[in-house]
Ligand code: GDP
């Protein structure tokens with residue numbers, strides 16, 4: 042297919058990076074269209090093991106052009122570090138295979154600081170921010186108080202813009218939070234260090250994409266996080282500050298006339314969630330600990346232990362609908378092989394009634410999970426490469442999920458390596 046998006050169906054960390062890494066062989070261009078460096082994809086391939094935060098997962102494939110679209114939160118400091126890291130692991134990054142939109146807004150030094158200050162003010166009512174400055178960044182973008190990456194090419198105008206922003210932002214920093222003011226010298230030093238580093242990669246990527254699209258190049262849109270973290274459709278306010286839904290890809294990538302033919306929704310064979318907020322199917326105690334260990338569920342960015350639970354049919358069905366997924370990649374099936382019986386959250390009980398509908402955000406904390414059990418397979422499935430290789434109980438589990446969420450499961454992932462995949 043000429044255009045496709047790979048998106049998360051649940052709370053993020055579904056294994057999107059692994060799927061993009063696998064599927065980039067069929068695409069010429071990979072574009073990140075939203076979010077920042079606040080989450081991470083883990084990719085394992087013949088070049089090694091990588092934790093990507095902002096770089097698109099296509100950077101490992103020769104000939105693939107990777108784009109950071111206008112919709113991303115462009116953290117030049119973290120991106121520079123990430124680029125140095127992958128280069129040191131033998132990956133080539135040049136302005137030919139990495140392009141940054143001149144219309145992407147820059148995460149400025151105060152955004153991260155403001156994130157920390159606001160979470161501290163919220164005390165026991167925190168949103169569970171990763172403190173990467175994403176929420177303050179997007180708030181400022183909507184207030185038109187950010188700097189576009191392309192402004193780095195206009196030093197005089199940039200300085201004037203910095204001066205205006207400094208005057209405004211220092212009011213918040215000093216008067217609201219009682220923090221230190223940022224100086225022009227701080228900003229200029231930051232621009233000299235990190236702005237200069239990313240400058241060679243900045244160009245009019247929207248124009249590049251339009252031309253590429255006309256030439257029939259195959260374009261893959263890559264999202265961060267998942268449906269339930271979407272600013273409009275997720276578990277507000279425990280969402281991210283951008284839109285991980287595929288519908289946002291045309292805007293955030295810069296290819297505004299994009300028609301996305303395939304929307305591949307990534308679902309984990311069980312549930313995980315990082316940070317605060319209601320997580321209806323959550324498991325606790327030893328049962329949770331075992332699953333967390335089996336799936337090695339610790340955040341790629343923060344190292345935080347992830348909250349875990351069985352697959353949640355209610356949330357997943359909602360996520361599939363919100364994304365408009367056309368096919369599903371079910372990941373980490375191998376992790377469940379140790380279980381005698383596989384728990385499944387089939388429905389919720391809300392205010393005394395059973396429901397299949399994902400509740401409105403403020404009612405969600407009142408929902409209780411209904412857990413049923415399916416037969417386990419108790420066999421290592423990590424070497425299975427064909428559908429027929431899977432034990433019957435594992436096939437039944439996949440088919441059950443497929444039926445319940447109403448979307449074809451085309452890919453079943455049985456390990457983190459590129460080729461640990463069953464394609465149906
Ligand atoms: P993403 O942000 O959606 O890409 O997800 P993460 O990278 O945070 O989490 C996925 C993790 O699971 C990574 O460590 C992957 O290497 C790993 N992974 C992906 N697919 C599989 C799989 O099928 N089996 C196993 N065991 N690990 C997998």
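Residue numbers (this note's numbering): 42 to 465.
Think of the CB as a built atom: it goes at the ideal place given N, C-alpha and C, for glycine as much as any other residue.
Assuming residue i contacts residue j (C-beta within less than 8 Å), just tell me the rounded distance between them.
i           : j           : result
residue 95  : residue 116 : 7 Å
residue 368 : residue 425 : So it is not a contact: roughly 19 Å between Cβ atoms.
residue 472 : residue 100 : Residue coverage of the chain in this structure runs from 42 to 465, which leaves residue 472 outside it and unanswerable.
residue 421 : residue 378 : 6 Å
residue 191 : residue 248 : With a Cβ gap of about 12 Å, residue 191 and residue 248 do not count as contacting.
residue 312 : residue 51  : 6 Å
residue 285 : residue 49  : 6 Å
residue 365 : residue 288 : 7 Å
residue 28  : residue 77  : No information on residue 28 is available, as it lies outside the stretch 42 to 465 that the chain covers here.
Check each candidate in the options and name the one with the smallest Cα separation from residue i.
i           : options            : result
residue 412 : 83, 375, 322       : 322
residue 157 : 212, 173, 166      : 173
residue 258 : 90, 455, 71        : 71
residue 150 : 405, 361, 380, 203 : 203
residue 246 : 456, 465, 139, 445 : 139
residue 343 : 457, 211, 385, 93  : 93
residue 382 : 416, 402, 433      : 416
residue 314 : 461, 389, 279, 283 : 279
residue 307 : 446, 89, 213       : 446
residue 113 : 366, 329, 97       : 97
residue 452 : 465, 443, 87, 345  : 465
residue 431 : 292, 408, 444, 461 : 461
residue 402 : 458, 221, 276      : 276
residue 450 : 287, 440, 393      : 440
residue 397 : 427, 356, 435      : 356
residue 126 : 394, 89, 148       : 89
residue 443 : 458, 429, 404, 387 : 387
residue 110 : 163, 292, 330      : 292
residue 243 : 252, 458, 195, 83  : 195
residue 200 : 220, 457, 232      : 232
Excluding the five sequence neighbours on either side, which residues of its own chain have a C-beta within less than 7 Å of the C-beta of residue i, listed in chain order?
i           : result
residue 290 : 46, 74, 262, 299, 301
residue 235 : 117, 118, 121
residue 310 : 352, 371, 372, 373, 374, 376, 377
residue 215 : 222
Starting from the C-beta of residue i, find all residues in its chain whose C-beta is less than 8 Å away, skip the five residues before and the five after it, and write them out in chain order.
i           : result
residue 66  : 102
residue 137 : 106
residue 60  : 47, 305, 307, 370, 372, 452, 454
On the criterion of 16 or more Cβ atoms from any shown chain inside 10 Å, does residue i qualify as buried, or is it exposed?
i           : result
residue 370 : buried
residue 129 : exposed
residue 176 : buried
residue 57  : buried
residue 273 : exposed
residue 406 : exposed
residue 189 : buried
residue 217 : exposed
residue 212 : exposed
residue 380 : buried
residue 155 : buried
residue 264 : buried
residue 281 : buried
residue 394 : exposed
Apart from the five residues on each side of it in sequence, which residues of its chain come closer than 6 Å, Cβ to Cβ, to residue i?
i           : result
residue 260 : 44, 70
residue 108 : 72, 140, 246
residue 124 : 134
residue 340 : 315
residue 250 : 295, 296
residue 187 : 146, 181
residue 193 : 236, 240
residue 53  : 80, 266, 267, 270
residue 408 : 321, 389, 391, 400
residue 428 : 463, 465
Any heavy atom of the ligand NAP closer than 8 Å to the beta-carbon of residue i?
i           : result
residue 423 : Judged by which ligands are present, the ligand NAP is missing from the structure shown, whose ligands are the ligand GDP.
I'd like to know if the region 221 to 239 and the region 201 to 208 are in contact, where contact means that at least 3 CB-CB pairs between them fall below 8 Å.
Taking 8 Å as the limit for Cβ pairs, the verdict is that the region 201 to 208 does touch the region 221 to 239.
Is it true that the region 350 to 364 meets the region 310 to 322, where meeting means three or more beta-carbon pairs spaced less than 8 Å apart?
Enough Cβ pairs lie closer than 8 Å, so yes.
Between the region 358 to 368 and the region 263 to 282, do at least 3 Cβ pairs fall closer than 8 Å?
In short, these stretches touch, since the Cβ pair count reaches three.
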